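The structure appears right after this line, and notes come after that.
There are 2 protein chains.
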Amino acid sequence: MTDESRRTANLLGAAVLCLHDELKTVLARQFHRSGEGPAALCALGHQPGLSNDALSRLLDLTHTGTVRLIDRLAEDGLVRRQAAEHDKRSIALYLTEAGQAARENILRERLAALEAVTGSLSGDEQKDLARLLEKLLQADAGDDTHKLRTCRLCDSRVCTNCPILVSVSGAN
Amino acid sequence: MTDESRRTANLLGAAVLCLHDELKTVLARQFHRSGEGPAALCALGHQPGLSNDALSRLLDLTHTGTVRLIDRLAEDGLVRRQAAEHDKRSIALYLTEAGQAARENILRERLAALEAVTGSLSGDEQKDLARLLEKLLQADAGDDTHKLRTCRLCDSRVCTNCPILVSVSGAN
DNA sequence: TTTATATATGTGACTCACACACATATATGG
DNA sequence: CCATATATGTGTGTGAGTCACATATATAAA
Chain A
142 MTDESRRTAN LLGAAVLCLH DELKTVLARQ FHRSGEGPAA LCALGHQPGL
192 SNDALSRLLD LTHTGTVRLI DRLAEDGLVR RQAAEHDKRS IALYLTEAGQ
242 AARENILRER LAALEAVTGS LSGDEQKDLA RLLEKLLQAD AGDDTHKLRT
292 CRLCDSRVCT NCPILVSVSG AN
Chain B
142 MTDESRRTAN LLGAAVLCLH DELKTVLARQ FHRSGEGPAA LCALGHQPGL
192 SNDALSRLLD LTHTGTVRLI DRLAEDGLVR RQAAEHDKRS IALYLTEAGQ
242 AARENILRER LAALEAVTGS LSGDEQKDLA RLLEKLLQAD AGDDTHKLRT
292 CRLCDSRVCT NCPILVSVSG AN
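Protein sequences appear in the order of chains A and B.
Numbering (the working numbering) for the first sequence: 142 to 313.
Numbering (the working numbering) for the second sequence: 142 to 313.
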C-alpha cells in the first residue's frame, strides 16, 4: 500500500464518519427514538410481513433486542404484530398508517441531507462518484443478509438499478 | 434534482451505512467499549492535554457524558486526568502508555478495513475517489468544531494535506 | 405415532452509554 | 468586591441493547 492509497482510505473513513453523524442527526430530528428503529421502519416498508427473526438478522440485533425494538415501535403505534399464516410460531410485522408516514419522513429527510452533500459536485463528478460507489458497494457486498443490511435505509423508489441487488425472498 | 442525482445520493447513503457498520465492528473487536471511547482516545492522542469541555464539544456529548466517558477510560487505565496549569477549574487529559497502545490498534485496524475496501479500485479510480471525497468533505466542513469532529478518528500520519485543515488551537 | 430436537417468540434481570437537574470551585468583568 | 459565567463533578433516570431462561410450534427420527 502506498502512502497515497492510505491517504485515500483515511479520507473515506473521515467522510463516512462525517456523513453518518449528519444522517444520525437528521434521523433524530424526524424520529424521537435512536438505534435501529428507523432502519426497521424502512425495511418493513420495503418488505411487509417480515418476521421478528428475519428482521433481527437484517438489523444485526439479537432476537431479544428485536423483540424490544418491535415493542417500542408498536407502543408508538408504528408497527403491528400479526400471526403468520404458514408458521404459527412466527409473527408477521406490518407498518401502520402512522408507520408508513414516519417511514416517508425518514426517507425524505435522509435523501435531502445526502443530496445537499452531493449537490456540491458537478454533474460529471456525480456520475464519477456513482460509478465509484457502485464498485465499492459491490466489493463489500457479502452474502444476501449483508446486502439487505446495507440497503436497510435505502429508498427503493430512488435506487433504480441497485448495484448489489438481492433476491428479497432470501430474507425470510 | 434529477432522478440520477437522487440515485447517486442514495448510493452514497448506502455506502456510508455499510462502511460505518463495518468500522463499528472493527472498533468493537479492538476495544470492548462502544460509543465515543475510540474517538476520545484518537483525539487525545492527536491533541494531548485537551480539557473535558473541549473534548465534549469535539465528541458532541454533554459535558456530563464526557465526564462519565473519561471515568470509564480512566478506570481502564487508558486516560489520566491532570490538573491544568492555567485554569484551575479545568483538567488536562492525557493518554497513558496503555491508552497510546489502544489508540494505535484502533487506528491500524480502522485503516486496514478501509484499505480493504478502497483496494477494490484501480490506482486511477482511487485518485478520482480521493478528489471527490476532498470536495465532499470541504462542502460539508462547517466550523472548526465540526471539522475536528469529522477528523476525530483520522490517523494524522496518513492524512497528509488534510482537505479541511483546521487550526488545532481552536479546540481549547 | 411417539419422541427428540430445532426454531420462533417472549420475559426477567442486567449493563452500557448516554441525558438532565443540581452542586461546587474557579475566573472574569463591572 | 461582587455578580455572573465557566469547568467539572454527583445523583438519578432512561433508552437500547444483552444474556439466561421459558414456552409454543415445527420437523425429523425411531
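Note that beta-carbon positions come from the ideal geometry of N, C-alpha and C, so glycine has one too.
Remember, predicted model here, so these are calculated numbers, not experimental data.
Listed along the chain, the chain A residues whose CB falls inside 7 Å of the CB of A181/B amount to none; the nearest CB is some 14 Å away. Interface residue (Cβ-Cβ distance to chain B less than 9 Å): R148/A is classified as such. Look at the region 191-225 of chain A: the residues with a C-beta under 8 Å from a C-beta of chain B are D201. By the CB criterion at 9 Å, Q223/A and S146/B fall outside the cutoff.
In the DSSP annotation of this structure, the continuous segment of the alpha helix (DSSP H) that includes Q267/B starts and ends at G264 to A280. 9 Å or more divides the Cβ of S192/A from the Cβ of I247/A.
Within the region 164-229 of chain A, complete alpha helix (DSSP H) segments of at least 4 residues are found at 178-187, 193-200 and 204-216, given in chain order. Scanning chain A for C-beta atoms nearer than 8 Å to the C-beta of H161/B yields V157, L158 and H161, reported in chain order. When Q188/A, L200/A and D162/A are compared, the shortest CA-CA separation from H287/A is found for L200/A.
Distances from the alpha-carbon of G283/B to those of S197/A, L214/A, D162/A and M142/A put D162/A closest. Annotation for L236/A: no alpha helix (DSSP H) segment contains it, though the beta strand (DSSP E) segment containing it runs I232 to L236.
Closest option to I305/A, judged by alpha-carbon separation, among D296/A, A169/A and T291/A: T291/A.
Three or more beta-carbon pairs separated by less than 8 Å link the region 211-220 of chain A to the region 176-190 of chain A, which places the two stretches in contact. Excluding five sequence positions before and after T237/A, the CB atoms of its chain that fall closer than 8 Å to its own CB belong to G218, L219, V220 and R221, given in chain order. What E275/A touches in chain B, judged by beta-carbon distance under 8 Å, is L152, going in chain order. Among the residues facing chain A, T301/B is included, as its CB has a counterpart in that chain under 9 Å away.
Where T286/B is concerned, the enclosing alpha helix (DSSP H) starts and stops at D285 to T291. Residues of the region 236-268 of chain A with a Cβ closer than 8 Å to any Cβ of chain B, in chain order: R251, L252, L255, E256, V258, T259, G260, S261, L262, G264, E266, Q267 and K268. Against chain B, a Cβ distance below 9 Å from D281/A picks out A156, C159, L160, E163, A257, V258 and S261. Sequence-distant Cβ neighbours of R213/A in its own chain, meaning closer than 8 Å and more than five residues away, are R174 and G178. Sixteen is the threshold: since fewer than 16 other Cβ atoms of the shown chains lie within 10 Å of the Cβ of N302/A, the residue is exposed. R290/B belongs to the set of residues whose beta carbon lies under 9 Å from a beta carbon in chain A. The criterion of a C-beta distance shorter than 9 Å is satisfied by L270/A and L262/A. As the crow flies, the alpha-carbon of T207/B is around 28 Å from that of L255/B. For A271/A, the chain B residues whose Cβ falls inside 8 Å of its Cβ are E145, R148, T149 and L152, in order along the chain. At a cut-off of 9 Å between C-beta atoms, R293/B counts as an interface residue with respect to chain A. Ranked by Cα distance from L168/A, the first of K276/A, L274/A and R249/A is R249/A. Under the three-state reduction of DSSP output, S146/A falls in the helix class. For L274/A, the closest of D144/B, A150/B, T143/B and M142/B by C-alpha to C-alpha distance is A150/B.
Exclusion of the five residues before and after G186/A leaves L236, Q241 and R244 as the residues of its chain whose Cβ lies within less than 7 Å of its Cβ. With a 10 Å radius around the Cβ and a threshold of 16 neighbouring Cβ atoms, R251/A comes out buried.
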